[in-house]
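Take a look at the structure set out below.
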Amino acid sequence: MTTIVKPEVKTAEKETVKKNKSSVYKTEQLNLWYGSNHALKNIDLDIKENEVTAIIGPSGCGKSTYIKTLNRMIETIPSVKTSGVINYRDKNIFDKEYQVEELRTKVGMVFQKPNPFPKSIYDNIAYGPRIHGIKNKKILDQIVEKSLRGAAIWDEVKDRLSENAYGLSGGQQQRICIARCLAIEPDVILMDEPTSALDPISTLKVEELVQDLKKDYSIIIVTHNMQQAARISDKTAFFLNGEVVEFDETDKIFSNPSDERTEDYISGRFG
Amino acid sequence: MAMNEPQQISVQELIAQKSNRGLLAFTEKLIPKILFLIASVSVLTTIGIVFTLIFETVTFFTEVNILSFLTGTEWYPFANSTPAYGILPLVVGTLKITGIAILVAVPIGIATAIFLSEYASDRVRRFIKPILEVLAGVPTIVYGFFALTFVTPILRSIYPDIAIFNALSPGIVVGIMIIPMIASLSEDAMSSVPNAMRDGAYALGATKLEVAVKIVLPAALSGIVASTVLAISRAIGETMIVAVAAGSTPGFNWDVTGSIQTMTAYIVQVTTGDAGYGTTIYYSIYAVGFTLFLFTLAMNMLAQFISKRFREEY
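For the protein sequence lines, the chains are A and E, in the order given.
Residues in the first sequence are numbered from 2 upward in steps of one, following this note's numbering.
Residues in the second sequence are numbered from 34 upward in steps of one, following this note's numbering.
As structure tokens, then:
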């Protein structure tokens, strides 16, 4: 039998998880269809606050679909149908009265490819606060600085705030997108493979950032990269063919998974 | 079916048999020259037109003072004793038509573009876009009679003071004529804004209108402005509608209810009339044509400048 190298888990850096953390997202019996394609099957997940929850799984397993359902961005695709319940802070986001804009004000999202607006760095960060009615220049200045510092990019861009964000490198653009997300001080940050388009050094910076942000935000991150999940997350959910195979402490998933399929995936037998 | 045994063939050998390097090199050298000749046809035509305009205009200015042409407020070329060649009344006529057309076309055109690009479903878009393109293909003479026999009577039933030939009716119809151009080109510009940008804004809690107005519109602004300026330059050069419905009374005032004459309509009037070759009136159409050319040239340069200036790079 060949030796299997498992991703290393730095247990020393992990916080001891308190048992009484409250849930940000409770998913109950979530099903989702793209037309006739059953993409998510009976998902049950309980995501706690101030933790990094990683979602891993092979391509097409539904992990991106799931994270896009959490802020209802999935609805931009017309053929999508859902059933079941996603409670965000104890309110079902699928309720007819639920304002989707309000949800997205609370739940920020960072996308797979950096997608800054074709505006100045300043206007990128100020966009969110502005659409929510903050017009005062002094307050906006403060928000912009705070958000850029929060995304660990202030020192790199402080002298060029009026320049187009597209002049930055891919890694910087992604941190601008994170800063843009922080600017409205969300409760949860969803990250859909945020480092898949970045070089290793930029990836490392974003990962360090995620560790930092955990203090103030609940983070749900979809990743293709198992080492990344092992490095930065507290909990890991393993998705396969639209189902949650296993959801547990990251340490346990990577050292002693209870399901054979998880074992096979993390040891690189498929995916 | 029986499968044939695959024969041993060498692709490299086949290529060597088929290739004809000598002829290929010759045509490869010749083709760019032929294409250059073809391409230069349009350039040479443009140069030819400009030079004709300039020569005849210069002849005109040997007979009429250039300063009184540019600043004169009276245009009576057909007066027997003292003809007056002040171009301002014709310029004002053109500006009236263009101004009204812009007021009609820009809001409707851009609103249509926003609807088609941001709100309409695929099915609605597939239905409306061809209709717009049909509207763009209607001959302008048809628009001219539409102005004279449909729009003018409606306007006159609302405001009886409006003359049969007036600036308002053809102005509105020229506006209608350029709506498809603005709507269609602006829609192209807005549709080519990547969806990732819309998603970025939606994910921050933006509404559909906020995404359309604050993300898509600015990102597509250079295309929208360029299409608008091109449409305006078409409105300036529009001939048939104004010749049919605007009258032939050049006047230096801002009244839109009475008969006017535009630069283009004057040229039509002379070329279809009986002004003899070599007369001052004959040369005057070149001077007017040259002025018109400068106007549209300025608009096209403005379009270029604006689309560079306002480009949001992505």
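Glycine included, C-beta positions come from ideal geometry on N, C-alpha and C.
Which ranges would you report for the alpha helix (DSSP H) in the stretch 241-322 of chain E if only whole runs of at least 4 residues count? The qualifying runs are 241-244, 254-270, 273-278 and 296-305.
Per-residue burial, P280/A [other beta carbons within 10 Å of its own, 16 or more giving buried]: Because chain A here runs from 2 to 272, residue 280/A falls outside it and cannot be looked at.
So, for R73/A: in the same chain, excluding its five sequence neighbours on each side, which residues have a beta-carbon less than 7 Å away from its beta-carbon? Around R73/A: I94, V101 and L104.
CB contact flag (V262/E, I339/E, <8 Å): Yes, they are a contact pair.
Any Cβ of chain A within less than 8 Å of the Cβ of D232/E? The beta carbon of D232/E falls within 8 Å of a beta carbon belonging to chain A, placing the residue at that interface.
Range of the contiguous alpha helix (DSSP H) that encloses D155/E: Note, D155/E: alpha helix (DSSP H), D155 to G170.
Check whether the Cβ of L63/E sits closer than 7 Å to any heavy atom of the ligand HEM, and report yes or no. This structure simply doesn't include the ligand HEM, nor any ligand for that matter.
Strictly under 8 Å for the Cβ-Cβ distance: is G243/A near chain E by that measure? Interface with chain E (8 Å Cβ-Cβ cutoff): G243/A is excluded.
Would you call the stretch 183-191 of chain A and the stretch 218-225 of chain A in contact, with 3 or more CB pairs under 8 Å? Touching, per the Cβ criterion.
Using a beta-carbon distance below 8 Å, is Y89/A in contact with chain E? Cβ-Cβ to chain E under 8 Å: no for Y89/A.
How about F1/A: is its C-beta nearer than 8 Å to some C-beta of chain E? Because chain A is modelled from 2 through 272, residue 1/A falls outside the range shown and cannot be assessed.
Identify the residues that DSSP records as bridge partners of I44/A: which are they? Within the DSSP bridge table, the entry for I44/A names L31/A as partners.
Mind checking the stretch 237-263 of chain E against chain A and listing, in chain order, the residues whose C-beta falls within less than 8 Å of any C-beta there? Result list: L237, G238, A239, T240, E243, K247, I248, P251 and A252.
Give the straight-line distance between the Cα atoms of A230/A and I48/E, rounded to the nearest whole angstrom. Those two C-alpha atoms are separated by around 52 Å.
Measure the alpha-carbon distance for F93/E versus M273/E and round it to whole angstroms. Distance between the alpha carbons of F93/E and M273/E is about 25 Å.
Would you say the stretch 57-65 of chain E touches the stretch 289-296 of chain E, given that touching needs at least three Cβ pairs under 8 Å? The stretch 57-65 of chain E and the stretch 289-296 of chain E do not touch, with fewer than 3 CB-CB distances between them shorter than 8 Å.
Inter-residue spacing [alpha-carbon to alpha-carbon] between T324/E and V303/E: Computed Cα separation, rounded: 16 Å.
E250/A - containing beta strand (DSSP E), residue span: Under the DSSP assignment, E250/A falls in the beta strand (DSSP E) whose first and last residues are E244 to E250.
A336/E CB to nearest chain A CB: under 8 Å? At a cut-off of 8 Å between beta carbons, A336/E makes no contact with chain A.
Whose C-beta lies closer than 8 Å to the C-beta of V81/A among residues of the same chain, with five residues either side of it excluded? The beta carbon of V81/A is closer than 8 Å to those of L33, W34, Y35 and I75 in its chain, skipping five residues each way along the sequence.
Nearest chain A C-beta to Y235/E closer than 8 Å, yes or no? Yes, because at least one Cβ of chain A sits closer than 8 Å to the Cβ of Y235/E.
Under a CB-based cut-off of 8 Å, is A229/E close to chain A? Using beta-carbon distances, A229/E counts as an interface residue toward chain A, with a partner under 8 Å.
Around the Cβ of F6/E, are there at least 16 other Cβ atoms within 10 angstroms (buried) or fewer (exposed)? The question about residue 6/E has no answer here: the residues shown for chain E are numbered 34 through 347.
What's the C-alpha gap between I147/E and M223/E? For I147/E and M223/E, the distance between alpha carbons rounds to 8 Å.
Which whole-angstrom value is the C-beta distance of P258/A and Q175/A, which I expect to be below 8 Å? About 30 Å; that fails the 8 Å criterion.
I want to see whether chain E comes within less than 8 Å of M74/A, judged by CB atoms only; does it? The beta carbon of M74/A sits closer than 8 Å to some beta carbon of chain E.
Can you tell which of I87/E, G126/E, T240/E and A278/E has its C-alpha closest to the C-alpha of V175/E? Of all alpha-carbon atoms in I87/E, G126/E, T240/E and A278/E, the one lying nearest the alpha-carbon of V175/E is that of A278/E.
Mapping the DSSP letters down to three states, classify S275/A as helix, strand or coil. Because chain A in this structure spans residues 2 to 272, residue 275/A falls outside the shown range and cannot be described.
Looking at C-alpha atoms only, which residue of Q143/A, G171/A, S24/A and A55/A is the closest neighbour of Q228/A? Out of Q143/A, G171/A, S24/A and A55/A, A55/A has the C-alpha closest to the C-alpha of Q228/A.
According to DSSP, is V76/E part of a helix, a strand, or is it coil? Three-state DSSP puts V76/E in a helix.
So what's A331/E in DSSP terms, helix, strand or just coil? The DSSP-derived three-state label of A331/E is helix.
Simplified DSSP assignment, three categories, for V83/E: V83/E: helix per DSSP, three-state reduction.
Contact check, I269/E vs T127/E under 8 Å by CB: the rounded distance? That belief holds up - the Cβ atoms of I269/E and T127/E are roughly 6 Å apart, short of 8 Å.
Can you name, in chain order, every residue of its own chain whose Cβ lies under 8 Å from the Cβ of T106/E, other than the five neighbours on each side? Closer than 8 Å at the Cβ level, and outside the excluded window around T106/E, lie G119, L121, P122 and F285.
For the stretch 109-131 of chain A, which residues have a CB atom closer than 7 Å to at least one CB atom of chain E, in sequence order? So the close ones are G109, M110, F112, K114, N116, F118, P119, K120, Y128 and G129.
For I135/E, the nearest candidate out of I211/E, Y299/E and A252/E (CA to CA): Closest by alpha carbon: I211/E.
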